[in-house]
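Residues in the sequence shown are numbered consecutively from 17, following our numbering. All C-beta atoms in this analysis are idealised placements derived from N, C-alpha and C, irrespective of residue type, glycine included. Report on the structure given below.
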Amino acid sequence: MTTIPVPKRVSDGAQNELHSMDAYRERWLSAQADPSGFWLRETLKSITWMTPPNQGLEGGFRTVQQTGFTWFADGELNVTESCLDRHARERPEKTAILWEGDHPSEVEHISYKSLLLRVCQAANTLISLGVQKGDRVIIYMGMVPQAAVAMLACARIGAIHSVVFGGFSAEALRDRIRDCGAEVVITQDMGLRATRQIPLKAVVDQALMGESGVHHVLVVKRTGEAVQMDPERDHWWHEAVHDQPTHCPATPCAAEDPLFILYTSGSTGRPKGLLHTCGGYLTYAAYTHRNVFDLRDDDVFACMADIGWITGHSYIVYGPLANGATTLMFESTPMCPDPSRYWDMVERHRITILYTAPTAIRTLAAQGDHFVHAHDTSSLRVLGSVGEPINPEAWLWYRDVVGQGRCTIVDTWWQTETGGICISPIAPATPTKAGSATLPMPGILAKLVDQDGHEILGPGQGYLCLSQPWPGQARTVWGDHDRYVATYFSTYPGLYFTGDGCRRDAEGYHWITGRVDDVLNVSGHRMGTAEFESAILTHDAVAECAVVGFPHAIKGQGVYAFVVPQAGATVDAGLAAELTTALRSHIGAHARVDHFQATAGLPKTRSGKVMRRILRKIVCGEADGIGDTSTLADPSIVDALLKGCQT
Ligand code: PRX
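Printed below as a string of structure tokens:
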């Protein structure tokens, strides 16, 4: 464990008010004592309101079932005024979005003035298609500027966007379109990633086969590849926006009006559409972005996530734009055309803050240091990590090789549900420790509880809960508030349960140990074991199956499937290939099983419940931790499983 001295502040233009541990402690205590007052002051200072709110927090976790909780409920705003109009007025030529395409030669600087204009034209296009405030619009795109423009255009007119990651299959896309009742889909002819073409429009066509709810599909021309266009339903984006007025008044929205729905996986059932609202979400995304990363006026902020995930929403689009920053949008991968792509971009664009996932860090570290050393990375100041636990080796490589010991590392813990970063160092104030997300943000009250819900005080390990609402928190699950309450607030009444395990050390630092439920985290992609299992079970040759995660050196977690074949079937390479295809078609290409293991049965209790705990121990190589198996219906299964295990 290393404790790193706090670097000195080196330049002006800083927007971060949490510049020392004293300032951090003072703000944290003030937010704990009076959350309403703290966040009201914050939002009035940083966000443009049409009607400034007087109310802060109304309700709390105890009222979540009946009335929920609200932030700034009497305020009115349109988030695009904070993200666009005020910057277009004050710094029109500043680059808002710095886009780099799949090929390094494709670079576009979009100024705040020009982004506002493009958003207005797109918003007018949506209006011309009949989209109204509160309507849902699905965005199924790659990392092209029009994806951000589409999100902001929805926000401009009070429509609710739901971005679906471009790797999801037609079936997964159809489920989401149906669940939120979208009438418009925005996509592109092809996605482009690491020189591969991804047939986005064709997937949309497949998803909409037999569906009658979607009336319009807007198609961005990215590659110019021939695609089928339905003359009644499909419109080329460039043609549709071309003649639209470049001004579109911002629709007034209540603070608690929905801004977007984002689907995410849980332990059971289908993915949930988490709902984020305008006022609270924007306030929190902007606050955390400005403070965690020690944002300065001349920063070039590069978040390498995809906008299909929450990280892209909060730290490519809403947080940086609300703060008037220059935000990078990157279409390709860190390995394309070779493992120096990030460092080459840092040098060419003078990137100052880089935010990526541990899987990318581990992958790049494995390629050797020379790829970093070959480039001038001296512009870097803050290096962020997100999405999965970062192991100390990867953390140290990030600090010592990429950051050359000069940069602050911020390991940021948060979730789709939290809207923004909740536990993280504040750069450069918080002394860091390799592998720790350190301390909660002001306004975040982190508690560890044991299995029975008793709070663990001081150092210890337990289940991570948050005990006080914060503005960026998802308010509900679209169309199913009971599921929201049951998932997050029923395990430990009065607390929001994160689903993560966590250790707290003697200095109060948090070390996230990973999910404690049946959620997988593969390369930072969150997927439910239940989704894997139901896709595998669609195959006729499979009688039963159980899926668990195992530690993986690069991906963080790998996926292991125990398969009980139907009588007469065998689990061989042929079946594995077919199951891989089934997973691809039910979920998407990112849902891959690393090992299929045939088994005659699963370890079950006498009442028929699969003991996943035992399966986890088997694939994690922890045979000694399996414990008493005498309560199993057939204890001999465990020995057979241990013998066949491939990890
Ligand atoms: O298990 C935690 C892990 O990612 C989960 C949330 O996934 P998702 O909603 O997809 O959002 C990812 C991006 C915010 C969490 O429950 N996780 C996220 N950040 C960290 C992390 N685990 C350890 N350390 C982190 N910094």
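Collapsed DSSP secondary structure at residue i in the structure displayed
i    : result
M17  : A caution first: M17 carries a pLDDT of 43, below 50, which makes its placement in the model unreliable, though a value can still be read off. The answer is coil: DSSP assigns M17 none of H, G, I, E or B.
V532 : coil
G289 : strand
T141 : helix
Q204 : strand
Y156 : coil
W10  : Outside the modelled stretch of the chain, which goes from 17 to 663, sits residue 10, for which no answer is possible.
G474 : coil
T446 : coil
A270 : strand
D28  : Because D28 carries a pLDDT of 47, less than 50, the predicted location of this residue cannot be relied on, and no value is offered for it.
W413 : helix
F77  : helix
P441 : coil
G517 : strand
W494 : coil
C319 : strand
I552 : helix
A302 : helix
H263 : coil
L311 : coil
H125 : strand
Near ligand 1: residue i beta-carbon under 8 Å from a heavy atom
i    : result
Q477 : no
N537 : yes
R41  : no
A433 : Note on identity: in this sequence residue 433 is Glu, with Ala being the wrong assignment. Yes.
G335 : no
T448 : no
D516 : yes
E409 : no
T293 : no
T267 : no
W429 : yes
W325 : yes
I173 : no
E404 : yes
A462 : no
Counterpart residues of residue i in DSSP-defined beta bridges
i    : result
K463 : C481
R212 : R209
N537 : R542
H568 : G572
Y297 : The partner list for Y297 (beta bridge, DSSP) is empty, contrary to what the question assumes.
V398 : I369, T424
A614 : V579
E92  : T67, A270
P247 : Per DSSP, none; premise fails for P247.
H526 : T454, R520
H177 : V153, F276
Spatial neighbours of residue i in its chain, beta-carbon cut-off 8 Å, leaving aside the 5 residues before and after
i    : result
I439 : T428, W429, W430, A453, T454, L455, P456, M457, I460, A462, H526, I528
K633 : A639, G641, I642
F505 : F77, V80, Q81, L511, Y512, F513
Contacting residues, own chain, Cβ-Cβ under 7 Å from residue i (five flanking each side not counted)
i    : result
T545 : D534, L536, V563, V564
G182 : Y156, M157, G158, G207, I214, L216, G324
V160 : Q204, V236, R238, E347
R531 : G515, D516, N537
L298 : I63, V95, S98, Y334, A338
L553 : C561
I326 : L278, T432
Cut-off 6 Å between Cβ atoms - residues of its own chain near residue i, not counting five sequence neighbours on either side
i    : result
Q613 : F578, G660
T368 : D315, V316, S395, R397
S46  : F54
R378 : A410, I570
D521 : P475
D115 : One point to set straight first is that residue 115 is Trp, not Asp, in the sequence displayed. So the qualifying residues of the chain are E124, P161, M345.
T676 : Nothing can be reported for residue 676: it is not among the residues displayed for the chain, which extend from 17 to 663.
Q31  : R306, L311
CB contact below 9 Å: residue i versus chain D
i    : result
I437 : Among the protein chains of the structure shown there is no chain D, as only one such chain exists.
Using 8 Å as the threshold, is the segment 71-87 in touch with the segment 143-159, meaning 3 or more CB pairs across them?
no
Can you find at least 3 beta carbon pairs, one from the segment 134-149 and one from the segment 104-112, that sit closer than 8 Å?
no
Counting Cβ pairs, one atom from each stretch, are 3 or more of them under 8 Å apart for the segment 207-223 and the segment 130-145?
no
Three Cβ pairs or more, each shorter than 8 Å: is that satisfied between the segment 622-633 and the segment 641-648?
With a cut-off of 8 Å on Cβ pairs, the segment 622-633 is in contact with the segment 641-648, counting three or more such pairs.
Taking 8 Å as the threshold, find out whether the segment 269-279 comes into contact with the segment 81-90 through three or more Cβ pairs.
yes
Using a Cβ distance threshold of 8 Å, determine whether the segment 229-246 contacts the segment 492-502, with at least three qualifying pairs required.
no
Taking three-plus beta-carbon pairs below 8 Å as touching, is the segment 274-287 in contact with the segment 412-426?
Contact fails: fewer than three Cβ-Cβ distances are below 8 Å.
Pairing CB atoms from the segment 248-268 with CB atoms from the segment 466-473, are three or more of them under 8 Å?
Contact between the segment 248-268 and the segment 466-473 is absent, because fewer than three Cβ pairs lie under 8 Å.
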